[in-house]
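In terms of the UniProt record's numbering, the numbers along the sequence shown are unbroken and rise by one, the last being 367.
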Amino acid sequence: MSTAPLKVATVDGLDEISERMNGTKVDFDPGAPPPFNLADIRAAIPKHCWVRDPWKSMSYVARDVAVVFGLAAATAYLNSWLVWPLYWAAQGTMFWALFVLGHDCGHGSFSSNPKLNSVVGHILHSSILVPYHGWRISHRTHHQNHGHVENDESWHPVSFVVIYCFVSLNQDFAVLIPFPMLAYPFYLWSRSPGKTGSHFHPNSDLFVPSEKKDVITSTICWTAMAALLVGLCFLIGPIPMLKLYFIPYWVFVMWLDFVTYLHHHGHEEKLPWYRGKEWSYLRGGLTTLDRDYGWISNIHHDIGTHTKATKPVLGKYYREPKKSGPLPLHLIGNLITSLKKDHYVSDVGDIVYYRTDPKLSGSSILE
Ligand SMILES: [Zn+2]
């Protein structure tokens, strides 16, 4: 829809807002500073949400691990082509659930015991080939910079999306062709396009010197898991391992990319990205979206939902998620629409919105 994006770059935010104001809906500007602060939000969260219960957390781990081994054993026993595709979908979703528990260990919300968090986090994340500390640290950087065009880690505009096909569009913009649902292993290895460093390398500029030891520990754990997988390939054969582990692993990667992308993209109304003095932790965080995943919500430990108790404080800054059916199929539509529309942001301006490159919007990659 943007016919002359290069010319309007300097007033990107203003231009977008006035564009939308000519329509019918706009009486709320999502890029305006909110009338509340972080303390107001904190005060609205009920006390019990702050209590960490290691027994409850461990019971989730036990449940998930039992399901993972149960699914694998039952499917290997049946060994039927009717069952394998169901197994891949179910086991990939379970790997994603393990990832979410490891994510909570990384945030310290799993328990208040850092040792327990680290041990459980290493076991969970190594088992699905994630370097625990390496990713934990970069994920913390993501949270500290969410919604910031340049400083956000992982899914952010400009250098956004995947397998490193940079299309340079004039000096002002760079666009990446989306191939996003397989991005995570590449991201772990070498971060987002346009950034340097690796989640495995202690000297990477993702980390400060005091974190080196932690990063090395996690890379060793990752390597041990990789060696175990290679060993199992020799022991039971590469094809059974492909069916039992590697296909579910890719399903997990798709889940991870799908959910994390939709946390920040694909809303019906455009959402702002910030830079410079317009960015704040609060304003960046307010552009995060809740999603309903239907039956999957419980399985993946409600990763799609932030606490509903803050809704009265957030007002219109809270975007009510669309109700899902048993499976969150409606989100696939959101994803495809967003990939077709959200291509780049202006290089100029402290409040910017995604714009569409007409050359990419009909891209065959997305069809
Ligand atoms: Zn997080």
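Backbone N, C-alpha and C fix where the C-beta goes; we use that ideal spot for every residue, glycine too.
For the alpha helix (DSSP H) containing residue 214, list its first residue and its last residue. Numbered from 1 along the sequence shown, position 214 holds the residue referred to as residue 214. That run of the alpha helix (DSSP H) goes 212–236.
Residues with a Cβ closer than 6 Å to any heavy atom of ligand 1, in chain order? 103, 107, 139, 143
Under DSSP, the alpha helix (DSSP H) around residue 105 begins and ends at which residues? Here residue 105 is taken as the residue at index 105 of the sequence shown, counted from 1. Note, residue 105: alpha helix (DSSP H), 84–107.
Checking 8 Å against the spacing of the C-beta atoms, do residue 283 and residue 35 come in under that value? Here residue 283 refers to the residue found at position 283 when the sequence shown is read from its first residue. Here residue 35 refers to the residue found at position 35 when the sequence shown is read from its first residue. No, they are not a contact pair.
Output needed for residue 331: all residues of its chain with C-beta closer than 7 Å, excluding positions within five of it in sequence on either side, in chain order. Your numbering for residue 331 matches position 331 in the sequence shown. Closer than 7 Å at the Cβ level, and outside the excluded window around residue 331, lie 262, 291.
Per-residue DSSP class, three states only, for residue 128: What you label residue 128 is simply residue 128 of the sequence shown in a count that begins at 1. Looking at residue 128 - three-state DSSP - the assignment turns out to be coil, as it is neither helix nor strand.
Where does residue 153 land, buried or exposed, given buried means 16+ other C-beta within 10 angstroms? By one-based count along the sequence shown, residue 153 stands at place 153. The residue is buried, with at least 16 neighbouring Cβ atoms inside 10 Å.
What's the gap between the Cα of residue 116 and the Cα of residue 237? As a first step, residue 116 must be located in the sequence shown, where it is residue number 116. As a first step, residue 237 must be located in the sequence shown, where it is residue number 237. Distance between the alpha carbons of residue 116 and residue 237: 35 Å.
Assuming residue 126 contacts residue 132 under a Cβ cut-off of 8 Å, what Cβ separation, rounded to an integer in Å, is found between them? In the sequence shown, counting from the first residue as 1, residue 126 sits at position 126. In the sequence shown, counting from the first residue as 1, residue 132 sits at position 132. That belief holds up - the Cβ atoms of residue 126 and residue 132 are roughly 7 Å apart, short of 8 Å.
Can you check which of these residues, 108, 278, 191, is closest to residue 52 by C-alpha distance? The count along the sequence shown starts at 1 and reaches residue 52 at position 52. The shortest C-alpha separation from residue 52 is found at 108.
C-beta contact flag for residue 382 and residue 353 at 8 Å: No statement about residue 382 is possible, as the shown extent of the chain runs from 1 to 367 and does not include it.
Considering only C-alpha positions, which residue in the set 256, 140, 130 is nearest to residue 221? Stepping through the sequence shown from its first residue, residue 221 is reached at position 221. Nearest of 256, 140, 130 to residue 221, Cα basis: 130.
Run through DSSP, which three-state label would residue 148 get? If you number the sequence shown from 1, residue 148 lands on position 148. It is a strand residue.
Would you report the Cα separation of residue 241 and residue 357, rounded to the nearest angstrom? On the sequence shown, position 241 is the one that residue 241 refers to. On the sequence shown, position 357 is the one that residue 357 refers to. For residue 241 and residue 357, the distance between alpha carbons rounds to 42 Å.
Between which two residues does the alpha helix (DSSP H) carrying residue 28 extend? To locate residue 28, count along the sequence shown from 1; it is residue 28. Note, residue 28: premise wrong, no alpha helix (DSSP H); not H, not E.
Since residue 352 sits in a beta bridge, which residues does DSSP pair it with? The residue given as residue 352 occupies position 352 in the sequence shown. Per DSSP, 273.
Can you tell me whether DSSP reads residue 293 as helix, strand or coil? Stepping through the sequence shown from its first residue, residue 293 is reached at position 293. Residue state, collapsed to three classes: coil.
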